[in-house]
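Protein chains: 2
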Amino acid sequence: MVDDHNKLIARDPKTFKERYAIDVHLRHRVTSVDPHNRSICVVDLDTGTERTESYDHLLLATGSRPVQPFAEAKGLDNLHIIKSLASGIALKQYLDREQVRHAVIVGGGYIGIEIAEALLLRGIQVTMLQRSAYIMHAFDPSMSKRIADGIRRHGVTVMTGAGVKGFEIDKGKARAVIAGGQTIPADLFILGMGVTPNTELAQNAGLQLGPADSIQVNEHMQTSAPDIWAAGDCCQSIHLINRQPVYIPLGTTANKQGRTAGINIGGGDATFPGVLGTAITKFQDTECACTGLNTRTLEKTGIDFVSSEIDARTLPGYYPETAPLTVKLLADRKTARILGGQIVGGPGSAKRIDTLVVALHAEFTLEDMLNLDLSYAPPFANVWDPMVIAAREALKQ
Amino acid sequence: MVDDHNKLIARDPKTFKERYAIDVHLRHRVTSVDPHNRSICVVDLDTGTERTESYDHLLLATGSRPVQPFAEAKGLDNLHIIKSLASGIALKQYLDREQVRHAVIVGGGYIGIEIAEALLLRGIQVTMLQRSAYIMHAFDPSMSKRIADGIRRHGVTVMTGAGVKGFEIDKGKARAVIAGGQTIPADLFILGMGVTPNTELAQNAGLQLGPADSIQVNEHMQTSAPDIWAAGDCCQSIHLINRQPVYIPLGTTANKQGRTAGINIGGGDATFPGVLGTAITKFQDTECACTGLNTRTLEKTGIDFVSSEIDARTLPGYYPETAPLTVKLLADRKTARILGGQIVGGPGSAKRIDTLVVALHAEFTLEDMLNLDLSYAPPFANVWDPMVIAAREALKQ
Numbered sequence: 387m388v389d390d391h392n393k394l395i396a397r398d399p400k401t402f403k404e405r406y407a408i409d410v411h412l413r414h415r416v417t418s419v420d421p422h423n424r425s426i427c428v429v430d431l432d433t434g435t436e437r438t439e440s441y442d443h444l445l446l447a448t449g450s451r452p453v454q455p456f457a458e459a460k461g462l463d464n465l466h467i468i469k470s471l472a473s474g475i476a477l478k479q480y481l482d483r484e485q486v487r488h489a490v491i492v493g494g495g496y497i498g499i500e501i502a503e504a505l506l507l508r509g510i511q512v513t514m515l516q517r518s519a520y521i522m523h524a525f526d527p528s529m530s531k532r533i534a535d536g537i538r539r540h541g542v543t544v545m546t547g548a549g550v551k552g553f554e555i556d557k558g559k560a561r562a563v564i565a566g567g568q569t570i571p572a573d574l575f576i577l578g579m580g581v582t583p584n585t586e587l588a589q590n591a592g593l594q595l596g597p598a599d600s601i602q603v604n605e606h607m608q609t610s611a612p613d614i615w616a617a618g619d620c621c622q623s624i625h626l627i628n629r630q631p632v633y634i635p636l637g638t639t640a641n642k643q644g645r646t647a648g649i650n651i652g653g654g655d656a657t658f659p660g661v662l663g664t665a666i667t668k669f670q671d672t673e674c675a676c677t678g679l680n681t682r683t684l685e686k687t688g689i690d691f692v693s694s695e696i697d698a699r700t701l702p703g704y705y706p707e708t709a710p711l712t713v714k715l716l717a718d719r720k721t722a723r724i725l726g727g728q729i730v731g732g733p734g735s736a737k738r739i740d741t742l743v744v745a746l747h748a749e750f751t752l753e754d755m756l757n758l759d760l761s762y763a764p765p766f767a768n769v770w771d772p773m774v775i776a777a778r779e780a781l782k783q
Numbered sequence: 387m388v389d390d391h392n393k394l395i396a397r398d399p400k401t402f403k404e405r406y407a408i409d410v411h412l413r414h415r416v417t418s419v420d421p422h423n424r425s426i427c428v429v430d431l432d433t434g435t436e437r438t439e440s441y442d443h444l445l446l447a448t449g450s451r452p453v454q455p456f457a458e459a460k461g462l463d464n465l466h467i468i469k470s471l472a473s474g475i476a477l478k479q480y481l482d483r484e485q486v487r488h489a490v491i492v493g494g495g496y497i498g499i500e501i502a503e504a505l506l507l508r509g510i511q512v513t514m515l516q517r518s519a520y521i522m523h524a525f526d527p528s529m530s531k532r533i534a535d536g537i538r539r540h541g542v543t544v545m546t547g548a549g550v551k552g553f554e555i556d557k558g559k560a561r562a563v564i565a566g567g568q569t570i571p572a573d574l575f576i577l578g579m580g581v582t583p584n585t586e587l588a589q590n591a592g593l594q595l596g597p598a599d600s601i602q603v604n605e606h607m608q609t610s611a612p613d614i615w616a617a618g619d620c621c622q623s624i625h626l627i628n629r630q631p632v633y634i635p636l637g638t639t640a641n642k643q644g645r646t647a648g649i650n651i652g653g654g655d656a657t658f659p660g661v662l663g664t665a666i667t668k669f670q671d672t673e674c675a676c677t678g679l680n681t682r683t684l685e686k687t688g689i690d691f692v693s694s695e696i697d698a699r700t701l702p703g704y705y706p707e708t709a710p711l712t713v714k715l716l717a718d719r720k721t722a723r724i725l726g727g728q729i730v731g732g733p734g735s736a737k738r739i740d741t742l743v744v745a746l747h748a749e750f751t752l753e754d755m756l757n758l759d760l761s762y763a764p765p766f767a768n769v770w771d772p773m774v775i776a777a778r779e780a781l782k783q
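Here the protein sequences come in this chain order: V and C.
FYI, the numbering for the first sequence is 387 to 783, going by the numbering used here.
FYI, the numbering for the second sequence is 387 to 783, going by the numbering used here.
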């Protein structure tokens, strides 16, 4: 646990000024962009004054906001949405102030899982509601089930096929959620239903949009307007497996996109080729990670593929800290090129996805995995890496 | 700690027979191989009877034995060499039986470090002697120093430039070792001076030998004689970076070589292209791993190279379990192709070498590292992977 939220702030305005000579204006809202005159309208939220600023280059890094489809639930005291540091602090203060015995989390994605863990550690009973048939949609159903089992093992109620119909509201508080044909009462409700890109500025300026209305960019992070760039949760990426534009907003991608845009704006030449959709998270002793395409996205693109799903262990069986892990690999049936993979397992399992990440960047086939000189010593690994075993299994198909 | 040494036995003769229909003859010594008549001479050590057996295919998996250059130290009660399960049990029994206060370990390689940790955990004062100027020769001197610092931090005395001249012996026991101009008394002496391949049979049969007198094999694991194959610690490998034959005997390589030979003997077609010399170990809270060529081996091959050495952390600085790690990367100066790398750091650092292992197999350049979609979430990693930071630094040279 992090004891002080100030430790979570990477750079404050003073640091920006002193280290990078960048002026940061907090509490200033940009209301419009004029690509033809290369200018923006900006409002100082404290004084209410509006002014026009011109630019040589403009970077749109407007991020994303959480999805909140329930109009009636707006402004409720005990309904929280986690997005910013401020919203995290607000939730923490609410938990310190109020007696919360039972919380409902709407959404079985990364945010839902991480909030569930945090609440569980405070001794709160947690119910997680997922609209579709399985949680963690970046994973295949069989792997998702393993994640859900790991969450349930700690006493969390995970309900799938439980889309939220609405809330029972009384005196400014939600008292229950109606979902999956049930009315589920709780003291606290948290929405973790994904995010949508903040692209109203870009849209009003006439910029081209991509998937999920994210800002379209090329691999230099240039938008469709001259000298306007975009990076981070507000813009699209290219998926490196099928070369399709995708909207997969993640912090690590945002950093690489920002660096690429910054180099180009500064007169350099950098490209950001795209993403594999790599993601990783944990719930107590259950870790999970995925990269590349999964069964659902492969079926959508119409690629004929084989897959394997194998059970292995993080360390030799005689080693006390050994933990189970399951690896799923997906590969092109004709070429054996690896297209994606998933790991679910105990402590020390998920970060191994990076082996597969590099293999996907290198466009490796299943055969290329067989003789990888991966590191082995009993405190770190088994002689045969689970990824190699999974490749061997997939080759049998 | 493993409580029962029987857990360390992967397969016993009964398992071989029942699961694989393989007859295992323990306590049988093969005394010669006749490639022309396709036969071997074998002695039953219990009955003393000798017989000739013919073969269609012969696999030499004779392994290696530890180096022991001190004739006068042979058979001493308190001088141990660790190689087999039996020698480990003998050491454990000696420690249970005798009061050992101070042990001297000759050799600062993997075995030396792992034995030092085991002795330290039993409360024994340990002195480690290394002939050359730094321990762990697969690493560069600057990285080796970090490993040595990590070992010294736990109270182990690490002496470099301390080649052993001999032992002071009294009543069947070594009383002191003479090294580095000093006479160092101790209760127990352990040799971890590396291994030499068991290739007398191969040599007497007229087979070609490779580096360090290991058995020469092609990538099918065929020796220079028809229908004689070799795999494991007795034979050479090809180093994938410079395509030179090397002798780097490791368990993980032995497994891959054995599988390759087995498939080919069984009529299949498999190849083992070679090794990167990947290795990993730990001493308490200090982990280390390396792969590819290092400064010493690159200078020997005459390749012009650049390198970077950067300090980073396993997890974000605000995360309580964050630990320091140092990454060294070496790359071709002209082509920027990565040639090797090393990690030394705290818990959770060394296994990350696998990212680099796959990158080396893929013949990645430093530029290829910059946009890898490696997994990121605060419990697992920093936004910028240390390997990526190291690549960026090396590109500046």
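Built from N, CA and C at the ideal position, the CB exists for glycine as well.
A quick note: this is a predicted structure, and the numbers were derived from the prediction, not measured.
Check	Outcome
If we ignore side chains and look at the alpha-carbon of each, how far apart do C/G727 and V/D759 end up?	13 Å
Would you call the CB atoms of V/S600 and V/P612 closer than 7 Å?	no
Pop quiz: C/R778 and C/L756 are said to be a contact at Cβ under 8 Å. What is the actual Cβ separation, rounded to whole angstroms?	7 Å
Whether or not the region 691-708 of chain C and the region 647-654 of chain C are in contact is what I'm after, with contact meaning three or more pairs of Cβ atoms, one per stretch, closer than 8 Å; do they touch?	no
Kindly say whether C/N641, judged by its beta-carbon, lies nearer than 7 Å to any beta-carbon of chain V.	yes
Mapping DSSP to helix, strand and coil, what is V/A656?	coil
Short of 9 Å Cβ to Cβ, which residues in the region 632-663 of chain V face chain C?	L636, G637, T638, T639, A640, N641, K642, R645, T646, A656, T657, F658, P659, G660, V661, L662 and G663
Using a Cβ-Cβ cut-off of 7 Å, state whether V/H747 counts as contacting chain C.	yes
Assuming V/A534 and V/I521 are in contact, meaning their beta carbons sit under 8 Å apart, how far apart are those beta carbons, in whole angstroms?	6 Å
Quick one, are the C-beta atoms of C/D526 and C/T646 less than 7 Å apart?	no
Which partner residues does V/W615 have in the DSSP bridge list?	V/L445 and V/Q608
If you follow the beta strand (DSSP E) that C/H540 is in, where does it begin and where does it stop?	Looking at the DSSP string, C/H540 is not in any beta strand (DSSP E), and its letter there is neither H nor E.
Could you check if C/S475 is buried or exposed, using at least 16 other CB atoms within 10 Å of its CB as the buried criterion?	According to the sequence as given, residue 475 of chain C is Ile; it is not Ser. Classification of C/I475: exposed, given that the 10 Å Cβ count is below 16.
Who pairs with C/F553 in a beta bridge, going by DSSP?	C/V563
Is the beta carbon of C/S623 closer than 7 Å to that of C/G660?	yes
Could you name the residues of chain C that V/V769 contacts, counting a contact when the two beta carbons are closer than 7 Å?	G637, T638 and N641
With DSSP collapsed to three states, give me the class of V/G637.	helix
Relative to the C-alpha of V/S473, which residue among V/S735, V/I576, V/R738 and V/G592 is closest?	V/I576
Find the residues of chain V that neighbour C/P765, judging by a C-beta separation of less than 7 Å, and give them in chain order.	K668
For the candidate residues V/E605, V/K531, V/Q479 and V/S470, whose alpha-carbon lies nearest to that of V/L626?	V/E605
Are the beta-carbon atoms of V/M514 and V/G498 separated by less than 7 Å?	yes
Would DSSP call C/F402 helix, strand or coil?	helix
Evaluate contact between the region 475-484 of chain C and the region 555-563 of chain C, counting only Cβ atoms and requiring at least three cross-stretch pairs below 8 Å.	no
Give the interface partners of V/A736 over in chain C, defined as CB-CB distance under 8 Å, in chain order.	S761 and F766
So with Cβ pairs under 7 Å, would you call V/T741 a contact of chain C?	yes
In chain order, what are the residue ranges of uninterrupted alpha helix (DSSP H) at least 4 long that sit wholly in the region 480-509 of chain C?	496-507
Counting only C-beta atoms, is C/N757 closer than 7 Å to chain V at any point?	yes
If you scan the region 409-464 of chain C from start to end, which runs of the beta strand (DSSP E) of 3 or more residues do you find wholly inside it?	414-420, 425-430, 436-440, 444-446 and 450-452
Is it buried or exposed, V/N392, if we count other Cβ atoms within 10 angstroms and call 16 or more buried?	exposed
So, V/I614 versus V/L444, is the Cβ gap smaller than 7 Å?	yes
Distance check for C/R719 and V/T433, CA to CA, integer angstroms please.	56 Å
Output needed for C/D430: all residues of its chain with C-beta closer than 6 Å, excluding positions within five of it in sequence on either side, in chain order.	H414
Alpha carbon to alpha carbon, what distance is there between V/C674 and V/A565?	27 Å
How about C/V486: is its C-beta nearer than 7 Å to some C-beta of chain V?	no
Alpha carbon to alpha carbon, what distance is there between C/V453 and C/L595?	19 Å
I need the DSSP call for V/S693, collapsed to helix, strand or coil.	strand
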